[in-house]
Amino acid sequence: MPLKTFTGSNVSVLMQQAQRAIGADAVVLHVRRIRTADGPSFQLTASDPETAAREVFAAPAKGYDSALETMRPRLAEGRPFVLALVGPTGAGKTTTLAKLATSPRVFGGLEVGLVSLDTYRVGALEQLGTYADIAKLRMVAIYDQDDVDRALASLAGCQVILVDTPGRSPKARADLDATQSLLSALRPDETHVVIPASGHPELARRAVVEARRSGASHLLVTKTDEAPDYAGLFDLAASLKIPVRWLTDGQEVPFDLVSAAEPMAAARFGAASEEMAATR
177 MPLKTFTGSN VSVLMQQAQR AIGADAVVLH VRRIRTADGP SFQLTASDPE TAAREVFAAP
237 AKGYDSALET MRPRLAEGRP FVLALVGPTG AGKTTTLAKL ATSPRVFGGL EVGLVSLDTY
297 RVGALEQLGT YADIAKLRMV AIYDQDDVDR ALASLAGCQV ILVDTPGRSP KARADLDATQ
357 SLLSALRPDE THVVIPASGH PELARRAVVE ARRSGASHLL VTKTDEAPDY AGLFDLAASL
417 KIPVRWLTDG QEVPFDLVSA AEPMAAARFG AASEEMAATR
């Protein structure tokens, strides 16, 4: 069966259209934002499961994605691997989480569950819920500490749990502390601070330093397609000795997520060269 494309302003409606046209087992290959005469919209491409499998394994790797091991983290043994995304509002955390959850090169073949701590922002749960429905993933929301055990129990059997968090200003200390408390209860194996390449360099530095103090283990660079030069973020990561595994370079879910190995290697080489020059 050929691929079918559906366009409209509501992703949930597009998914329903795909299921009516293809069948209840329709598989969404990707979702992308587009601009139309009527304003921003979405384009959803779907197919039957057999065609989807061929498309996924035949799709060429994009950009820096040259090795699977650079895309997939080392998973925990005997318990779910928990990965959380933190960062400022507008960094693209929810969309990036959807890319991670559905990318065949990251957690492909594994049972993935989604957790949302972003219960404040209007439409946040609905946005992540839509992606969960499309990918047929389990998703739960956590409002307070009493919800943590229930949420983890409902995701029993998941090998990977991805956690979305609200964007907060550093001045909103109480909200930051509440989110950090919930994250601590979830015990993430990795916490990635998500920073857009198109942001102000000094604000980016402050956000990364603050997240590092709160326990962030990695930097994840987004929206590189919107920035003429994003090397500065990788230079920052090299200077702070914080690893970067992924970057995003577009709106398409799941494919606009690639390995950051190449720009990170260049940044580390530059930092090492500067250190050597300083000791001469």
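The opening residue of the sequence shown carries number 177 in our numbering; numbering runs sequentially from there. Just so you know, even glycine gets a beta-carbon here, dropped at the ideal spot from N, CA and C.
Measuring straight from C-alpha to C-alpha, what distance separates T212 and S415? 42 Å
By Cβ distance, which residues of its chain are closer than 7 Å to F390, with the 5 residues on each side in sequence left out? Strictly speaking, residue 390 in this sequence is Ser, with Phe absent from that position. Counting only Cβ-Cβ distances below 7 Å, and skipping sequence neighbours, we find Q356.
Cutting at 8 Å between CB atoms, please list the residues of its own chain near R388, excluding the five before and the five after it. V369, L416, I418
Beta-carbon proximity check, V339 vs A260, cutoff 8 Å: yes
Sequence-distant residues of its chain with Cβ nearer than 8 Å to F218 (five each side left out): T183, G184, S185, N186, V187, L190, V207, R208, R209, I210
Determine the closest residue to P225 out of T295, D325, A194, with distance taken between C-alpha atoms. A194
Buried or exposed: which applies to Y319, given that a residue is buried once 16 or more other Cβ atoms fall within 10 Å of its Cβ? exposed
Quick one: grab the DSSP three-state call for D340. strand
Within 10 Å of its beta-carbon, does F445 have 16 or more other beta-carbons around it, so buried, or fewer, so exposed? exposed
Please determine if the region 423 to 443 and the region 269 to 277 are in contact, where contact requires at least 3 C-beta pairs separated by less than 8 Å. yes
Enumerated in chain order, which unbroken segments of the beta strand (DSSP E) with a length of 3 residues or greater are wholly contained in the region 255 to 287? 257 to 262
Exposed unless 16 or more other CB atoms sit within 10 angstroms - verdict on D353: exposed
Here's the rule: buried if 16 or more other CB atoms are within 10 angstroms of the residue's CB, otherwise exposed. What is L244? Bear in mind that the predicted position of L244 carries a pLDDT of just 42, short of 50, making it too unreliable to give a figure here.
Please name the residue or residues paired with R209 in a DSSP beta bridge. F218
Using only the alpha-carbon positions, how far apart do R281 and G333 sit? 21 Å
Within this structure, are the beta carbons of V262 and A228 separated by less than 8 Å? no
In angstroms with no decimal places, state the Cα-to-Cα distance between K399 and P264. 14 Å
Given a threshold of 16 other Cβ atoms within 10 Å of its Cβ, counted over all protein chains shown, does D325 qualify as buried or as exposed? exposed
Is it buried or exposed for T295, if we count other Cβ within 10 angstroms and need 16 for buried? exposed
So what's R297 in DSSP terms, helix, strand or just coil? coil
Expected contact under 8 Å - CB spacing of E366 and P249 to nearest Å: 6 Å
If you drop the 5 nearest sequence neighbours on each side, which residues of the same chain put their C-beta closer than 8 Å to that of L331? P256, G289, V291, R314, V316, I337
Beta-carbon of R196 versus every beta-carbon of chain B: anything under 8 Å? Among the chains in the structure shown there is no chain B, since it carries only a single protein chain.
Check G408 in the structure and name its three-state DSSP category. helix
My output table needs one value for I371: the three-state DSSP class, helix, strand or coil. strand
For A267, which residues of its own chain have a beta-carbon under 7 Å away from its beta-carbon, when the five flanking residues on both sides are left out? G343, V370, I371, P372, T398
Give every residue of the same chain whose Cβ lies closer than 6 Å to the Cβ of E428, excluding the five residues on either side of it in the sequence, and list them in chain order. H206, R208
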